[in-house]
Structure formats: C-alpha cells, structure tokens
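Notes for the one structure printed next.
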Amino acid sequence: MIEITALPAFADNYIWLLRANGCVAVIDPGAAAPVLAHLEASGDRLCAILATHHHPDHIGGIAEILARHPAPLFAPAINNIVGTTHALHGGERIALPALGLELDVIAVPGHTLGHLAYYGSSLMGDGALFCGDTLFTAGCGRLFEGTPAQMQSSLAKLAVLPAPTFIYCGHEYTQANLRFARAVEPDNADIAARIADVAAKRAANRPTVPSRLADELATNPFLRWDAPAVRAAAAARLGHAPADAVASFAAIRAWKDHF
Ligand code: ZN
Ligand code: FE
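Count the sequence shown with the numbering used here and you get residues 3 to 261, in order.
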C-alpha cells in the first residue's frame with residue numbers, strides 16, 4: 003500500500019511524497035530542506051524525483067537533494083532540468099519498481115509548454131493524479147507559455163479520467179479559487195457547499211488537497227466550459243456567445259487573470 007503525504011513549502015506549495023517499503027518518491031520539490039528533513043527523520047530511501055514543470059517553486063530543491071541522495075529524475079524533456087535521467091514528452095508509462103508502481107505520463111501544455119501530469123490508476127484505491135499547476139482544486143494555472151486552446155485541450159484530457167480520481171495539485175489555492183467559481187456561477191449549489199466545506203477545513207488548518215475529479219467537474223469553472231451558466235458568463239464578458247469550448251474557456255481564464 004502506497005501512502006501519499008504532503009510536505010508544505012513556501013507559502014502554499016505542496017511537495018507530494020509517495021511512500022512504501024521504506025522508499026519514497028518525491029514530486030515537485032521546490033525546496034530541498036523539507037525533503038532532506040523527511041529523509042533524515044524517516045530513514046526513507048529516495049527512489050525517484052518527479053517534476054511536473056520547470057518553475058522554481060516546483061524544481062528549486064532538486065539539485066541539492068540529488069547531491070546528497072542520487073536518484074532518477076523524471077522531468078519534462080523540453081526544459082533540460084539538470085539531473086534529468088528520464089526526459090519525458092507525455093504518453094509514456096514510467097515504472098518506480100521500489101514502490102511497485104507504474105504511472106502514466108500525460109502531456110498537459112498551457113501553464114508551461116512542457117508541463118506533465120502523472121496518473122496512477124491504482125493509487126489510493128480510486129487512482130491519483132499529480133497535476134502540478136495545470137488543474138488546481140477549483141481552478142487552473144495561469145497561461146504563462148501556452149495558448150488557451152492548448153490549456154483547454156490539456157484540461158479536457160484530465161476531465162475524462164475516472165470521476166473518483168484524487169486530484170493532487172501543486173498549491174493550496176482552493177479557497178480563493180472558489181470565490182472566483184462563485185462569481186462565475188452564483189447559483190451553483192455544489193460550489194456553495196464546497197465553499198462551506200473548504201472554509202471548515204481551512205479554519206481547522208487542514209489541507210483542501212486532494213479533491214476528487216467528480217467535485218472538480220461539478221464546481222471548477224475551468225472544466226465547465228460547456229455548462230450553460232459558464233457559457234453565459236463567458237458571453238457576458240465577450241459581448242457575444244462563445245463560438246466553442248476554447249472561446250468559453252479563454253473568456254473565463256482571461257476574467258480570472260484580473261479578478
Ligand atoms: Zn508553475
Ligand atoms: Fe507553482
């Protein structure tokens with residue numbers, strides 16, 4: 003049984019740990035110190051590092067960790083991250099034998115062009131997705147490098163995973179994201195219920211990540227480009243009905259940039 007836990011880093015990043023058999027794989031170590039402290043305290047052996055994308059808050063700790071704990075580094079091929087042993091483009095299935103785990107690599111350009119998501123269909127019973135800054139709980143990443151069409155296509159790939167899949171994203175942004183979701187769809191009862199649930203968790207200092215894909219499909223405006231209320235909100239921004247899913251998504255994403 004593989005256990006998934008979070009190491010908080012910076013103001014709101016999550017470094018995800020996959021642990022089993024005295025081994026640990028680390029996803030998106032933006033800082034080295036919390037990972038080194040974990041390895042020291044637990045005695046776990048580092049079996050792999052996985053990077054979703056090249057932003058410093060996701061890879062900043064890699065060099066320092068690898069200097070002390072050599073391990074394979076799985077990372078986007080186009081970013082040439084120092085230490086990469088497995089340069090990935092998406093579409094691969096990677097093996098982490100120490101954990102008895104295989105993960106599917108999904109190319110999800112948009113936030114960055116090389117952005118990857120890692121999906122394990124057997125993790126946590128229902129499957130788990132590590133999606134960095136592409137799909138956030140109740141939101142999605144900004145378009146730093148890609149186009150709205152690329153991001154919408156990437157999110158559409160994630161949306162068709164099994165609905166119970168656990169969504170492990172790179173930041174604790176849920177509460178702020180839900181304020182925007184409510185502005186997009188003021189009458190969505192699932193959003194109202196999620197706001198209450200997330201407020202209770204944050205008040206108790208608990209993480210709101212992971213979520214379930216089913217909850218994202220019901221409440222996340224960046225997966226709901228075809229929902230009538232979201233299309234209507236996009237139309238109000240554009241001054242005319244969005245021509246297609248990409249136009250609907252793009253209008254909502256542009257609104258969020260200035261919300
Ligand atoms: Zn990022
Ligand atoms: Fe980030």
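All residues carry an ideal CB built from backbone N, CA and C; glycine is no exception.
Taking the CA atoms as reference points, C142 sits about 33 Å from S44. The alpha helix (DSSP H) runs of length 4 or more contained entirely in the stretch 163–230 are, from start to end of the chain, 176–186, 191–205 and 215–221.
Short of 8 Å from the beta carbon of L180, and not among the five residues preceding or following it, lie these beta carbons of its own chain, in chain order: A140, I193, R196, I197, V200 and T221.
Residue pairing of A27 in beta bridges, as defined by DSSP: L20 and A50.
Annotated as proximal: L215 and I169, with beta-carbon spacing under 7 Å. If you ignore the 5 residues before and after V26, its C-beta comes within less than 8 Å of the C-beta of L19, L20, H40, L41, S44, D46, R47, L48 and C49, all in its own chain and listed in chain order. Residue state for V84 is assigned as coil, using DSSP reduced to three classes. Counting only runs that start and end inside the stretch 56–118, the beta strand (DSSP E) elements of at least 3 residues fall at 75–78, 88–90, 95–98 and 103–109.
Listed in chain order, the non-local C-beta contacts of L98 below 8 Å within the same chain comprise L20, A27, C49, A50, E104 and L105, local neighbours out to five positions each way being set aside. Look at D59: its beta carbon is less than 6 Å from one of the heavy atoms in the ligand FE. For D259, the distance from the CB to the nearest heavy atom of the ligand FE is not below 6 Å.
A residue is called buried once 16 or more other Cβ atoms fall within 10 Å of its Cβ, and N15 is buried on that count.
Residue environment: E5 is assigned as exposed (fewer than 16 neighbouring CB atoms within 10 Å of its CB, all protein chains considered). If you draw a 10 Å sphere on the C-beta of N207, you find fewer than 16 other C-beta atoms in it, and that means exposed. Put simply, the stretch 80–88 does not touch the stretch 126–141. Fewer than three CB pairs are less than 8 Å apart. Under the three-state reduction of DSSP output, P10 falls in the strand class. Between F224 and L115, the beta carbon gap of about 18 Å keeps them out of contact (Cβ cut-off 8 Å).
Residue state for F261 is assigned as coil, using DSSP reduced to three classes.
When DSSP states are grouped into helix, strand and coil, E147 belongs to the coil group. Contact between R239 and W257 is confirmed by a C-beta separation of about 5 Å, below the 8 Å threshold. Closer than 6 Å to some heavy atom of the ligand FE: that does not describe the Cβ of G62. Distances from the CB of G148 to the heavy atoms of the ligand FE are all 6 Å or more. In summary, F261 is exposed, with fewer than 16 beta-carbon neighbours lying within 10 Å of its beta-carbon over all protein chains present. The beta carbon of P31 is closer than 7 Å to those of I17, V37, I51, G63, I64 and I67 in its chain, skipping five residues each way along the sequence.
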